[in-house]
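**Student:**
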Amino acid sequence: MKILNAEYMKGVTRPDETADETVPEVSFIGRSNVGKSSMINRLVMRKVAKTSSTPGATRIINLYKVLYELGGGRKSMIFSDFPGFGYAKVSKEMYKGWESMIGGYIAESRRIRDLIWVYDVRRDIDDLDKALIDWVFSLELEFSVVLTKIDKETRSNVMKKKMLFSRYFGESRVLTFSAKDGYGRKELLSHIVAEH
Ligand code: GTP
Ligand code: MG
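Put into structure tokens, the structure is as follows:
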């Protein structure tokens, strides 16, 4: 599998704001500042997604068209970069607005094939995470959990987290990644393409 090109399409709040319903879509969701946009940039090896050290920077769903080669054929998919959940500094009303936008988008989109739930490996699971886990399970969509920023954690702690998540979600659904050094890139790309 080889990435040929990736480019920004547009920022949307509803799935019907972009016409093509047949292109498979892979959505990157998770808490604020966990590294969703950095993961997309590393996967496509281009800086298409805006990253920020200010949590809560993404307020809309940004779509990217990704062109790739597989088994001699050219294919395309859409990556969707979701606003992060749970950024404390936005008002309750605004947060509710995001939540219903994301939920509505996922419920309505006919393109979404796979949810990539991005998780900062250094974090402990809190109540909001538990609520998100339950919500993701209830969607009845394919999903994977990617523990990211592993370059910032010791190898043994990464393994511990991986085992903990594997017990919960099944080993095949849990991957590890670093946007900084590219660890896990190939594996995650193969995983994404295999889900189509
Ligand atoms: P929001 O869109 O605000 O929810 O954030 P996000 O989840 O898209 O996170 P983003 O990719 O913007 O990254 C947040 C910060 O974490 C940035 O300062 C990134 O440079 C840093 N970061 C992301 N991934 C990694 C990683 O794998 N390793 C390290 N060391 N830093 C990372
Ligand atoms: Mg982002």
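Taking my numbering, the leading residue of the sequence shown gets -9, the next gets one more, and so forth.
We put the beta carbon where it would ideally sit given N, CA and C, even for glycine.
By how many angstroms is the C-alpha of Asp171 removed from the C-alpha of Val111?
**Tutor:** 15 Å
**Student:** Suppose contacts are defined by Cβ-Cβ distances below 9 Å. Is Gly174 in contact with Ile140 by that definition?
**Tutor:** yes
**Student:** For Asp114 and Tyr54, I'd like the C-alpha separation in whole angstroms.
**Tutor:** 30 Å
**Student:** Anyone know if the C-beta pair for Thr138 and Gly25 falls short of 9 Å?
**Tutor:** yes
**Student:** Curious, which full-length beta strand (DSSP E) runs of at least 3 residues does the segment -3 to 47 contain?
**Tutor:** 15 to 20
**Student:** Between the segment 12 to 31 and the segment 97 to 104, are three or more C-beta pairs nearer than 8 Å?
**Tutor:** yes
**Student:** Note the first and the last residue of the continuous alpha helix (DSSP H) segment covering Arg175.
**Tutor:** 175 to 184
**Student:** Tell me whether the beta-carbon of Met67 lies closer than 9 Å to the beta-carbon of Thr3.
**Tutor:** Against a cut-off of 9 Å, the Cβ pair of Thr3 and Met67 comes out as no contact.
**Student:** Confirm, please, whether the CB-CB distance from Ser134 to Arg163 is below 9 Å.
**Tutor:** yes
**Student:** Does Ile106 come out as helix, strand or coil in the three-state DSSP assignment?
**Tutor:** strand
**Student:** To the nearest angstrom, how far is the alpha carbon of Thr44 from that of Glu11?
**Tutor:** 33 Å
**Student:** Could you give the residue range of the beta strand (DSSP E) that holds Met149?
**Tutor:** No beta strand (DSSP E) holds Met149; the alpha helix (DSSP H) holding it covers 145 to 159.
**Student:** Give the secondary structure of Gly76 by DSSP, where H, G and I count as helix, E and B as strand, and everything else as coil.
**Tutor:** coil
**Student:** Does the ligand MG have even one heavy atom less than 8 Å from the beta-carbon of Gly74?
**Tutor:** Because some heavy atom of the ligand MG lies under 8 Å away, the Cβ of Gly74 counts as near it: yes.
**Student:** Whole angstroms is fine: what's the gap from Lys(-8)'s alpha carbon to Leu131's?
**Tutor:** 25 Å
**Student:** Which one or two residues does DSSP pair with Asp117 in a beta bridge?
**Tutor:** None, per the DSSP bridge assignment.
**Student:** Could you please give me the residues that DSSP links to Lys55 through a beta bridge?
**Tutor:** Glu(-3), Ile68
**Student:** Around the C-beta of Met153, are 16 or more other C-beta atoms found within 10 angstroms, so that it is buried, or is it exposed?
**Tutor:** exposed
**Student:** Taking Ile30 and Ala39 to be in contact with their CB atoms under 8 Å, please state how far apart those CB atoms are, rounded to whole angstroms.
**Tutor:** 4 Å
**Student:** Terminal residues of the continuous beta strand (DSSP E) containing Phe133?
**Tutor:** 133 to 138
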